[in-house]
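Notes to accompany the following structure.
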Amino acid sequence: MITPALLNPNSIVIVGASNDTSKPGGKVLQNIIANQYAGSLFAVNPKEQAVQGIPCVASVSELPQVDLAIIAVAASFVETTMMVLATEKNCKAFIVLSAGFSETGEAGKALEQRCADIANSVGASFIGPNCIGVITGTYKGVFAGPIPEYDPMGCDCVTASGATMVYLLELAIPRGLKFRNIFSVGNSAQIGVEDVLAYWDETFDPATSSKIKLLYMEQITDPKRFLKHAQSLTRKGCRIAAIKAGSTDAGSRAVSSHTGALAGSNSAVNALFRKAGVIRCYSRVELVYVAAIFTIPRLKGNRLAVITHAGGPGVLLTDVLTKNGMQVPHITGAKAEALLTHLHPGSSVANPIDFLATGTAQQLGIILDFVEKELEEVDGSVVVFGTTGMWKVDDVYEVLHQKIQSCQKPIFPILPSVVQAAAEVSRFHEMGNINFVDEVSFGYVLSRVSRTPQPYTDPVLPIIDTAKVRAIINNATEGYLAADKVFELFDAAGIKRTQQATVTTQETALQQAATIGFPLVMKVSGPVHKSDIGGVVLNIRDNETVVSTFNALMQLEGADGVILQQQLSGTEIYMGAKAEESFGHQVLVGLGGIFVEVFKDVSSGLVPIGREEAQSMLKRLKSYPIIQGVRGKEGINERLIIDTLLKLCALITAAPEIIEMDINPLLGNSHQLVAVDARICIAK
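Position in the sequence shown counted from 1, then plus 427, gives you my numbering.
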């Protein structure tokens, strides 16, 4: 819980306050004093009578009532300190900077829980332990710098790592970013990242709340809660960027299916962030660049003018933009010729617009006005402008500032001369602007921001035969379902599947072959990876081959029967589903057959998905042109793929016991999509 005493305390006590500012208790007090905290300030240290000019008492029992306690003493003293403050001093907020809790083992974890219980018992906020503190508009309760300039509409930030927060600020402040409330939650004994996110959502005011939220997370303890509040904030107009540490599935579990190998916690995080409209970042640099992009009005499209006085950066930026889905339209014709008349000879306006190293502030203004008023084919501008140190660029940055304020089309400033134009860049920041330094990093990040959709609307899943699904699942044992039961589930969900039968004798094999009709596919039943052991035989066209194939397949290790199936043709599609602990289920789609193993070109989404999200999953596939149809080859009906994905979601929703599912392949063309092979594993 986040109490008013945490955000806007009328009184603060530093327990473990020190005159030594190299210690947390000394530095946090120094920061609070230096940033002119206006409330009552107290210090506790048994060895001092005054600390940094603040009267000091020997014990918390000597204090008057106090709103917020910032505790910087050894872990072994924290519990009793909190107990006295909570029960005798009406303290409603605690920030515990001290380490030595759950990060040290079971005893530390138990101590941490007891401290959280104390806070909970009196309805108090508890930040930490093992954190650097909190910054609000009222006080700067951190022991680490730098302290950013407070802006009531600046970035809100929460991080599970104090060091990451410090290094993030080191990057962000020199870029001109401003901040509002900052929370370093440390071990998150009571308040974690999701709690702060929920608070931002539940207290959001469009007139007074920041619309930029930055997160650093090491775990997502409650994905559904995260999704609820992140979606809510983005729908209210907020923009959220987050680092989720642990982006590799290193040491992944031994799995028995393609879905198990392709899905995983990292894939689930990506799907969660996409569903919520959150930009996922993988470094502090990316997070700062995304935050800076958030401060600039949104692009209405993906078409950019690249404006520079240095050819190389313009080429590098154009390359990264176009490779990542943005457009840098070619500018030709009368408009281009008219613009050239205002520039030095040798300039190029083809886009990139290169107005040479000798380009002037006046020329930059003309170019930006031209983009604003004349180029309907462009949605915004990127300006790359530095200096060799031979002359000042104050006038250029002044013009850039004026155009950022007056133009309707967004302008992104890349100012790489952080040493030789340091004074000019600083002045640019003082005017309220941000800047980027590296054009390639910017282009990569802007492309991802541009591709991130708004949160999807709540999906409506198709109606399936839930009663039949439940009957099959309730009567099944744990593990892999028999092939006939898998297809019974598909029938109940309305997923079209091939005709098939499982047999255990030659006689029934011949009977089923006559019923299904030639040509046939025959597969061994039992082993999971049939093709790896020669357990799949195609193009069977007569009874003699049925018998010989049956006998051969039954000799394979693990065989418990043979599956006869009608042989179909078409492009192979893969679909899968997997339960991911705490996230629910993922569904996956991609090209099928061996392509899913070799290329791993799959898209994932968290159940439930709607039609719009399913369409987006298809479009993210590198193989999407094959699905559409390429070089005269028939494509696959996308509506049928989407319909099947939604039915798969409905099946998973009705039977959450399904922990893993492979449908590989479905065979598709312009008029049908049929499941040919599938396996389902359930756990109760």
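Yeah, the Cβ is synthetic: ideal placement off N, Cα and C, and Gly gets one too.
*Counted within 10 angstroms of its Cβ, other Cβ atoms place glycine 678 as buried (16 or more) or exposed*: Translated into positions along the sequence shown, residue 678 becomes position 251. Confidence at glycine 678 is low in this model, with a pLDDT of 35, below 50, so its placement is unreliable and the value that follows should be read with caution. Around the beta carbon of glycine 678, fewer than 16 other beta carbons sit within 10 angstroms, so the residue counts as exposed.
_So for phenylalanine 610, helix, strand or coil by DSSP?_
Here residue 610 corresponds to residue number 183 of the sequence shown, with the count starting at 1. Reduced to three states, the DSSP call for phenylalanine 610 is strand.
_Close beta carbons around arginine 968, own chain, < 6 Å, minus the five adjacent residues each side_ = Numbered from 1 along the sequence shown, position 541 holds the residue referred to as residue 968. So the list reads Phe945, Pro946, once near-sequence residues are dropped.
_Rounded C-alpha distance that separates proline 1112 from phenylalanine 631_ = As shown, the chain starts at 428 and ends at 1111. That puts residue 1112 outside it, with no answer to give.
*Would DSSP call lysine 750 helix, strand or coil?*
Translated into positions along the sequence shown, residue 750 becomes position 323. DSSP places lysine 750 within a helical segment (H, G or I) once states are collapsed to three.
*So, is serine 684 buried or exposed, given that buried needs 16 or more other C-beta atoms within 10 angstroms?*
Translated into the one-based positions of the sequence shown, residue 684 becomes position 257. Annotation note: pLDDT 42 at serine 684 (below 50); position unreliable, coordinate value reported separately. So serine 684 ends up on the buried side.
*Going by the CB atoms, is the gap between leucine 842 and asparagine 862 shorter than 8 Å?*
Position 435 of the sequence shown holds residue 862. Position 415 of the sequence shown holds residue 842. Against a cut-off of 8 Å, the Cβ pair of leucine 842 and asparagine 862 comes out as a contact.
*Report the residue from Thr448, Lys1027, Met753 whose alpha carbon sits nearest the alpha carbon of glycine 870.*
The residue you call residue 870 lines up with position 443 of the sequence shown. Closest option to glycine 870, Cα to Cα, is Met753.
*Given a threshold of 16 other Cβ atoms within 10 Å of its Cβ, counted over all protein chains shown, does leucine 965 qualify as buried or as exposed?*
Along the sequence shown, one-based indexing puts residue 965 at 538. Classification for leucine 965: exposed.
_Closer than 8 Å is the cut-off here; do at least three beta carbon pairs connect the region 543 to 559 with the region 694 to 709?_
The way I'd put it, the region 543 to 559 doesn't touch the region 694 to 709; fewer than three beta-carbon pairs between them come closer than 8 Å.
*Taking isoleucine 429 as the reference, give the member of Ser449, Val612, Phe721 with the closest Cα.*
Against the sequence shown, residue 429 aligns to sequence position 2. Of Ser449, Val612, Phe721, the residue nearest in Cα terms is Val612.
_Same chain, Cβ closer than 7 Å to threonine 686, neighbours up to 5 away in sequence not counted_ = For this step, residue 686 is matched to residue 259 along the sequence shown. Bear in mind that the predicted position of threonine 686 carries a pLDDT of just 44, short of 50, making it too unreliable to give a figure here.
_lysine 450 versus Gln476, Pro1092, Pro840, Ala571, residue with shortest Cα-Cα distance_ = By 1-based counting over the sequence shown, the position of residue 450 is 23. Relative to the Cα of lysine 450, the nearest Cα in the group Gln476, Pro1092, Pro840, Ala571 belongs to Ala571.
*Sort Val1029, Gly807, Tyr709 by Cα distance to phenylalanine 839 and report the nearest one.*
Residue 839 sits at position 412 when you count from the first residue of the sequence shown. Of the listed residues, the one whose Cα sits closest to phenylalanine 839 is Gly807.
_Local conformation of cysteine 483 per DSSP, three classes_ = Sequence index remark: in the sequence shown, residue 483 carries index 56 (1-based). For cysteine 483, the secondary structure class from DSSP, reduced to helix, strand or coil, is strand.
_Range of the contiguous beta strand (DSSP E) that encloses threonine 448_ = Here residue 448 refers to the residue found at position 21 of the sequence shown. That residue, threonine 448, is in no beta strand (DSSP E); it is neither H nor E in DSSP.
_Nearest candidate by alpha-carbon position, reference phenylalanine 812, set Glu1040, Ile441, Asp865_ = For this step, residue 812 is matched to residue 385 along the sequence shown. The residue with the shortest Cα to Cα distance from phenylalanine 812 is Asp865.
*In the DSSP assignment, what are the bridge partners of alanine 784?*
Numbered from its first residue, the sequence shown carries residue 784 at position 357. Looking at the DSSP output, alanine 784 bridges to nothing.
*Could you please give me the residues that DSSP links to threonine 735 through a beta bridge?*
By one-based count along the sequence shown, residue 735 stands at place 308. DSSP links threonine 735 through a beta bridge to Asp781, Val811.
*For threonine 814, which residues from the same chain have a beta carbon less than 6 Å from its beta carbon, with the 5 sequence-adjacent residues on both sides left out?*
For the purposes of this step, residue 814 is taken as residue 387 along the sequence shown, with counting starting at 1. Val820, Ser844, Gln847, Ala848, listed in sequence order.
*Could you check what DSSP says for glutamate 999 in three-state terms: helix, strand or coil?*
To locate residue 999, count along the sequence shown from 1; it is residue 572. In the structure shown, the three-state DSSP call for glutamate 999 is strand.
*According to DSSP, is lysine 663 helix, strand or coil?*
In the sequence shown, the residue the question calls residue 663 occupies position 236. In the structure shown, the three-state DSSP call for lysine 663 is coil.
*Go ahead and pull the three-state DSSP assignment for serine 679.*
Taking the first residue of the sequence shown as position 1, residue 679 is located at position 252. For serine 679, the predicted structure reports a pLDDT of 37, less than 50, and the residue's modelled location is therefore unreliable. A value from the coordinates is still provided. Correct three-state label for serine 679: coil.
*Per DSSP, the bridge partner or partners of phenylalanine 553*: Reading the sequence shown from its first residue, position 126 is the one you call residue 553. Looking at the DSSP assignment, phenylalanine 553 forms a beta bridge with Phe521.
*What does DSSP give as the partner residues of threonine 438 in its beta bridges?*
The residue labelled residue 438 in the question sits at position 11 within the sequence shown. Here residue 438 is serine; the residue named in the question, threonine, does not match the sequence. The secondary-structure analysis by DSSP pairs serine 438 across a beta bridge with Ser467.
*asked:* What would DSSP say about isoleucine 890, mapped onto helix, strand or coil?
replied: Taking the first residue of the sequence shown as 1, we reach residue 890 at position 463. It is coil, neither helix nor strand.
*DSSP state of glutamate 576 mapped onto helix, strand, coil*: Here residue 576 refers to the residue found at position 149 of the sequence shown. The three-state secondary structure of glutamate 576, taken from DSSP, is coil.
*Contact set for leucine 770: own chain, Cβ-Cβ below 6 Å, skip 5 residues either direction*: Numbered from 1 along the sequence shown, position 343 holds the residue referred to as residue 770. Closer than 6 Å at the Cβ level, and outside the excluded window around leucine 770, lie Phe782, Gln790.
*Provide the residue(s) that pair with arginine 1106 in DSSP beta bridges, ordered along the chain.*
Start at 1 with the first residue of the sequence shown, and residue 1106 comes out as number 679. Arginine 1106 is bridged by DSSP to Asp1089.
*Is the number of C-beta pairs between the region 1090 to 1105 and the region 920 to 940 that are closer than 8 Å three or more?*
Yes: at least three Cβ pairs fall under 8 Å.
*Let me know the secondary structure DSSP gives methionine 1044 once reduced to three states.*
For this step, residue 1044 is matched to residue 617 along the sequence shown. Of the three classes helix, strand and coil, the one that applies to methionine 1044 here is helix, per DSSP.
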